[in-house]
Amino acid sequence: MYASFCLLGHPLGHSLSPFLHRRLMALAAVDGDYTLQDIDPGVFSEDAVRLLKTVNGCNVTIPYKQAIVPLLDRLEGKAALYQTVNTVAVTADGTVGYNTDAEGFLQALRRADIPLQGRVRLLGAGGAATVFACEAALNGCEVTIHKPRNLRAAEVLCARVRDVAPHAVCRIATEDDDEAIDLLLNATPVGMHPHTEDCPADDRLLTRCAAVFDAIYNPRTTRLLERAAASGAKTAGGMAMLVCQAAAAQTLWHGVTFRADDIDTLIEDAYREMEVSFA
Ligand code: NAP
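Note that the numbering used here has the sequence shown beginning at 773, numbered continuously upward.
If you want it as structure tokens, here you go:
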């Protein structure tokens, strides 16, 4: 049976999702397609409901990860915990929302052999930061949001972390300090193409970090990762997270799993595809 999937978002511009999902569907021997559906915010609810009647599933990206929630019949797992959906399965029992970003994040760290433990420092307090902070707290980490640009958003995020993991430590550092950091997580767009000279952390912070994960996948080596590696930290970029969250969505839709070496190949190919399509 031919299966139809799409990505809902706005604006979508150059998205790697069709490339990734078509490759994953080929690996899983699923006959189908994956398209981009750029929906104007003014008509999101009507268009999303209409689209969900025509597809087998979809992914959801900025700015609709929360807006989709009331349109769905139910949420499962991390989507219910975070009230944020990036994957929808259209089933005989209705529309079900999932969140595979958390799975993608955890797998990306595992693949880079970076443990999620100890003192975690977070840059940013938006969507990706929420997933990172909650997953770190659920793993028993002490989470510190580092010098947030928006203090109120950081306070809301800390409250969210304590809801999800009531015994977790989540605090905000408004000034520089000298604490040793096990893992620094960048969940801001600072350093993303085309602003590749920008770096969200200074050397004073980076020299105290044992490991650094950057959610950004374009460029492959951000200025943050370059400087962190130069100061001796273990580093990982965001492409593995992007690929692993897509693979986790395919698993939900089709019940398929992927071999680790196929995922490794796809991560490398996705970097190449990105260099071509964003050139
Ligand atoms: P978001 O919800 O818009 O959050 C961005 C956060 O970064 C906000 O806290 C924002 O603060 C902060 N920020 C923005 N510009 C800043 C600056 N110049 N200096 C300091 N802080 C700044 O976005 P998101 O969805 O979390 O995405 C964040 C990054 O992660 C993006 O680069 C995105 O591409 C990447 N990402 C990657 C993956 C993956 O699979 N690899 C998945 C999700 C996201 P304000 O509130 O003050 O604006």
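Cβ coordinates follow ideal geometry from the N, Cα and C atoms, glycine included.
Under 7 Å from any heavy atom of the ligand NAP, does the C-beta of Leu977 make it?
As a first step, residue 977 must be located in the sequence shown, where it is residue number 205. For the ligand NAP, not one heavy atom lies less than 7 Å from the Cβ of Leu977.
Using only the alpha-carbon positions, how far apart do Tyr836 and Gly896 sit?
Working through the sequence shown from its first residue, we reach residue 836 at position 64. Working through the sequence shown from its first residue, we reach residue 896 at position 124. Rounded to whole angstroms, the separation of the alpha carbons of Gly896 and Tyr836 is 19 Å.
Excluding the five sequence neighbours on either side, which residues of its own chain have a C-beta within less than 7 Å of the C-beta of Ser787, listed in chain order?
In the sequence shown, counting from the first residue as 1, residue 787 sits at position 15. Contacts found: Leu779, Leu808.
So within the region 774-831, which uninterrupted beta strand (DSSP E) runs reach at least 3 residues, ignoring any that extend past its ends?
Fully enclosed beta strand (DSSP E) runs of no fewer than 3 residues occupy 775-781, 804-810 of the region 774-831, in order along the chain.
With the cut-off set at 8 Å, would you say Glu848 and Arg891 are in Cβ contact?
One-based indexing of the sequence shown puts residue 848 at position 76. One-based indexing of the sequence shown puts residue 891 at position 119. If you check the CB distance, Glu848 and Arg891 do not come in under 8 Å.
Cβ distance (whole Å) where Asp970 is taken to contact Leu799 below 8 Å:
Against the sequence shown, residue 970 aligns to sequence position 198. Against the sequence shown, residue 799 aligns to sequence position 27. Their Cβ separation, rounded to whole angstroms, is 36 Å, which puts Asp970 and Leu799 out of contact at 8 Å.
Using the Cβ count rule (16 or more neighbours within 10 Å means buried), how would you classify Val815?
As a first step, residue 815 is located in the sequence shown; it is residue number 43 there, counting from the start. By the neighbour-count rule (16 or more Cβ atoms within 10 Å), Val815 is not buried but exposed.
With burial defined as no fewer than 16 other Cβ atoms inside 10 Å of the residue's Cβ, what is the status of Asn922: buried or exposed?
As a position in the sequence shown, residue 922 is number 150, starting the count at 1. Residue environment: Asn922 is assigned as exposed (fewer than 16 neighbouring CB atoms within 10 Å of its CB, all protein chains considered).
Answer yes or no: the CB of Tyr836 versus the heavy atoms of the ligand NAP, is any distance below 7 Å?
Indexing the sequence shown from 1 puts residue 836 at position 64. Because no heavy atom of the ligand NAP lies under 7 Å away, the Cβ of Tyr836 does not count as near it: no.
Of the residues Cys913, Cys906, Asp949, the one placed nearest Arg932, counting alpha carbons only:
Translated into the one-based positions of the sequence shown, residue 932 becomes position 160. For Arg932, the nearest C-alpha among the options comes from Cys906.
Find out if the Cβ-Cβ distance for the pair Tyr854, Ala861 is shorter than 8 Å.
Within the sequence shown, the letter at position 82 stands for residue 854. Within the sequence shown, the letter at position 89 stands for residue 861. Taking 8 Å as the Cβ cut-off, Tyr854 and Ala861 do not qualify as a contacting pair.
Going by other Cβ atoms of all chains shown within 10 Å of its Cβ, with 16 needed for buried, is Met773 buried or exposed?
Within the sequence shown, numbered from 1, the residue matching residue 773 stands at position 1. With fewer than 16 other Cβ atoms within 10 Å, it is exposed.
Selected residue, minimal CA-CA separation from Ile988, among Ser1003, Pro961, Leu977, Leu978
The sequence position of residue 988 within the sequence shown is 216, counting from 1. Taking each of Ser1003, Pro961, Leu977, Leu978 in turn and checking the Cα distance to Ile988, the smallest one comes out for Pro961.
Counting only the same chain and skipping the five closest in sequence on each side, list residues whose C-beta sits under 7 Å from that of Asn828.
Counting from one through the sequence shown, the residue named residue 828 turns up at place 56. Within the same chain, Asn828 has close Cβ partners Ala775, Ser776, Phe777, Val862, Trp1025.
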